[in-house]
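Participant: Numbering (UniProt numbering), first residue to last: 1 to 476. In this text, a Cβ means the ideal position worked out from N, Cα and C, and glycines have one as well. Let me begin by handing over the structure; questions about it come next.
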């Protein structure tokens, strides 16, 4: 995106610097080329710094242009932004404007050239893996609701096949405030999922989050808000479910103050598709203060504080021939009354599954969940030697070598007190990973075991794979 770091040199080519001298500049008008999909109100709000005054010095006008550009960038709906100053020989300074300057004002206009991103898209994916026979994901995105760059995102994740059948639906709305660095966010979700295979119960969740998202830069985002969810645990297997789970049978209402800080400084092999990170790091910190109350019995309630941290680091060597990833995840829940069971089963931490802890079945490291967890993972990716695989020459360099060998190692644990629990789980594997914009393949062989435990429940050694195939319809 062009943010005009060399705007003054552009002004010199227009001979405005030379002509201005000590002369004031009178801004006659602001023109916008491109962005026809957006309303006049949208641009008036973003270009406010230019409308506050008429007379400027050159430095003042350039500063106002930069402020307006920064606002346009923060909307996230433009792929390219450029601005220039031009003499305006066809406009007159209005007669009602009093002239206090000795020098004659130079009539000038500001011209913005904009290119929009794809504002609408419909994506669909079919996913197969060693846990789910079939998983369908659909997503609709409208990035220009009401012609004001308000975002509407509707997603559905559906698996019709037992034993892991589920339906997850959500709708998110982002509305830009007067300062586009701040956005009002409403995220509503509904979940129905079969947890019989690992939890011996089914679960339903309905609710949403409302808050303000602050975009400090392209790299740093901060969200603060409130959430309200109704959770229901039902069809509990009385013969095999834990007593802790049985205590949460029925409907519970959870209300929370939530905060998320995310920092993303990743570089990608292909900066457009962003399929494979090649360097940098990202960090996400989630915090919440929550109250959980049974609907039919208000006396049965509890409060807790929950924090979770996720960190990823990537480093590539030898022209991206080898890429190393180090991942660290940890979290803790602090009940405000240690004498009561205050933490709902839906709030606890879990580990296990192809997308969480390969080598173990879903949430099997501690099926009852825990108040604390940690996971450390290291992965080394390597390009396939040219004598085994040579990409076609017509493929752009950013998309070459979408196939990677990898070696993976994981260690972690879930417990109510990690410091007093010296058990855990380890897993290691090797495999092959293919990535592209619309197709992904991950096939690996893992060997796993529990540390200081003879319990083999949940261990899933052997071949594990996942396949994802999708397509998209995009419009600007």
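#1: Terminal residues of the continuous beta strand (DSSP E) containing residue 125?
#2: Spell out a yes or no on whether the segment 313-323 and the segment 294-304 are touching, meaning 3 or more CB-CB pairs, one atom from each, closer than 8 Å.
#3: Going by the beta-carbon positions, is the gap between residue 147 and residue 39 smaller than 8 Å?
#4: To the nearest angstrom, how far is the alpha carbon of residue 434 from that of residue 272?
#5: When the distance is taken between beta carbons, is residue 216 closer than 8 Å to residue 222?
#6: Output the residue ranges of the beta strand (DSSP E) runs that lie fully inside the segment 236-283 and measure 3 residues or longer, sorted by chain position.
#7: Let me know the beta strand (DSSP E) ranges lying completely inside the segment 318-370, each 3 residues or longer, listed in chain order.
#8: Taking its Cβ as the centre, do 16 or more other Cβ atoms sit within 10 Å of residue 238, making it buried, or is it exposed?
#9: In chain order, what residues of the same chain lie with their CB nearer than 8 Å to the CB of residue 461, ignoring the 5 residues before and after it?
#10: Skipping 5 residues on each side, what residues in its chain have a beta carbon closer than 6 Å to that of residue 411?
#11: Distance check for residue 469 and residue 406, CA to CA, integer angstroms please.
#12: Are residue 56 and residue 24 touching if we call contact CB-CB under 8 Å?
#13: By the three-class DSSP mapping on this structure, what secondary structure does residue 377 have?
#14: At the level of alpha carbons, what is the spacing between residue 318 and residue 371?
#15: Kindly indicate the opening and closing residues of the alpha helix (DSSP H) around residue 70.
#16: Just to confirm, is the Cβ distance from residue 314 to residue 280 under 8 Å?
#17: Taking Cβ positions, are residue 431 and residue 442 nearer each other than 8 Å?
#18: Does the distance from the CB of residue 78 to the CB of residue 114 come in under 8 Å?
#19: I need the straight-line Cα distance from residue 33 to residue 250, nearest angstrom please.
#20: What does a CB cutoff of less than 8 Å around residue 196 pick up in its chain, not counting 5 residues either side in sequence?
#21: If contacts are defined as beta-carbon pairs under 8 Å, then residue 292 and residue 342 qualify, I think. What distance do you get, rounded to the angstrom?
#22: If you compare alpha carbons, which of 81, 458 and 30 is closest to residue 354?
#23: Quick one: Cα of residue 278 to Cα of residue 379, how far?
#24: Buried or exposed for residue 344, please, with buried defined as at least 16 other CB atoms from any protein chain shown within 10 angstroms of its CB.
#25: Using only alpha-carbon positions, find the residue among 109, 83 and 306 that is nearest to residue 27.
#26: From the DSSP output, in three-state form, read off residue 112 for me.
Facilitator: On the basis of the coordinates in this document:
#1: Position 125 of the chain shown, counted from the start, is the residue given in the question as residue 125. If you look at residue 125, you'll find it in the beta strand (DSSP E) that goes 120-129.
#2: Between the segment 313-323 and the segment 294-304 there are fewer than three inter-stretch CB-CB distances shorter than 8 Å, so the stretches are not counted as touching.
#3: Position 147 of the chain shown, counted from the first residue, corresponds to residue 147. Position 39 of the chain shown, counted from the first residue, corresponds to residue 39. Residue 39 is positioned such that its CB atom lies closer than 8 Å to that of residue 147.
#4: By 1-based counting over the chain shown, the position of residue 434 is 434. By 1-based counting over the chain shown, the position of residue 272 is 272. Note on geometry: alpha-carbon atoms of residue 434 and residue 272 lie some 17 Å from one another.
#5: The residue labelled residue 222 in the question sits at position 222 within the chain shown. The residue labelled residue 216 in the question sits at position 216 within the chain shown. The beta carbons of residue 222 and residue 216 sit closer together than 8 Å.
#6: Those beta strand (DSSP E) runs which fall completely within the segment 236-283 and span 3+ residues are 250-268.
#7: List check, beta strand (DSSP E) in window: 322-335.
#8: Mapped onto the chain shown, residue 238 falls at position 238. Within 10 angstroms of the beta-carbon of residue 238 lie fewer than 16 other beta-carbons, which makes it exposed.
#9: Within the chain shown, the letter at position 461 stands for residue 461. Non-local beta-carbon contacts of residue 461 in its own chain, meaning distances under 8 Å to residues more than five positions away in sequence, involve 359, 446, 447 and 448 in chain order.
#10: Numbered from 1 along the chain shown, position 411 holds the residue referred to as residue 411. So the list reads 376 and 426, once near-sequence residues are dropped.
#11: Mapped onto the chain shown, residue 406 falls at position 406. Mapped onto the chain shown, residue 469 falls at position 469. Going from the Cα of residue 406 to the Cα of residue 469 covers about 21 Å.
#12: Taking the first residue of the chain shown as position 1, residue 56 is located at position 56. Taking the first residue of the chain shown as position 1, residue 24 is located at position 24. In this structure, residue 56 places its C-beta atom within 8 Å of the C-beta atom of residue 24.
#13: Your numbering for residue 377 matches position 377 in the chain shown. Residue 377 falls in the strand class under three-state DSSP.
#14: Within the chain shown, the letter at position 318 stands for residue 318. Within the chain shown, the letter at position 371 stands for residue 371. Straight-line Cα distance between these residues: approximately 42 Å.
#15: Locating residue 70 in the chain shown gives position 70, where the first residue counts as 1. Its alpha helix (DSSP H) spans residues 58-74.
#16: Mapped onto the chain shown, residue 314 falls at position 314. Mapped onto the chain shown, residue 280 falls at position 280. The beta carbons of residue 314 and residue 280 sit closer together than 8 Å.
#17: Taking the chain shown and counting its residues from 1, the one referred to as residue 431 is at position 431. Taking the chain shown and counting its residues from 1, the one referred to as residue 442 is at position 442. In this structure, residue 442 lies closer than 8 Å to residue 431 by Cβ.
#18: One-based indexing of the chain shown puts residue 78 at position 78. One-based indexing of the chain shown puts residue 114 at position 114. Against a cut-off of 8 Å, the Cβ pair of residue 114 and residue 78 comes out as a contact.
#19: Here residue 33 refers to the residue found at position 33 of the chain shown. Here residue 250 refers to the residue found at position 250 of the chain shown. Taking the Cα positions, residue 33 is about 58 Å away from residue 250.
#20: Mapped onto the chain shown, residue 196 falls at position 196. For residue 196, where only same-chain residues beyond five positions count, the Cβ hits under 8 Å are 163, 202, 235 and 237.
#21: One-based indexing of the chain shown puts residue 292 at position 292. One-based indexing of the chain shown puts residue 342 at position 342. In this structure, residue 292 and residue 342 form a Cβ contact; the two beta carbons are roughly 7 Å apart against a cut-off of 8 Å.
#22: Mapped onto the chain shown, residue 354 falls at position 354. Distance from the Cα of residue 354 is smallest, within the candidate group 81, 458 and 30, for 458.
#23: Position 278 of the chain shown, counting from 1, holds the residue named residue 278. Position 379 of the chain shown, counting from 1, holds the residue named residue 379. The alpha-carbon atoms of residue 278 and residue 379 are separated by roughly 13 Å.
#24: Indexing the chain shown from 1 puts residue 344 at position 344. Counting Cβ neighbours within 10 Å, residue 344 comes out buried, since at least 16 surround it.
#25: Here residue 27 corresponds to residue number 27 of the chain shown, with the count starting at 1. Nearest option by C-alpha distance: 109.
#26: Counted from its first residue, the chain shown places residue 112 at position 112. In the three-state reduction of the DSSP assignment, residue 112 falls in the strand class, which pools E and B.
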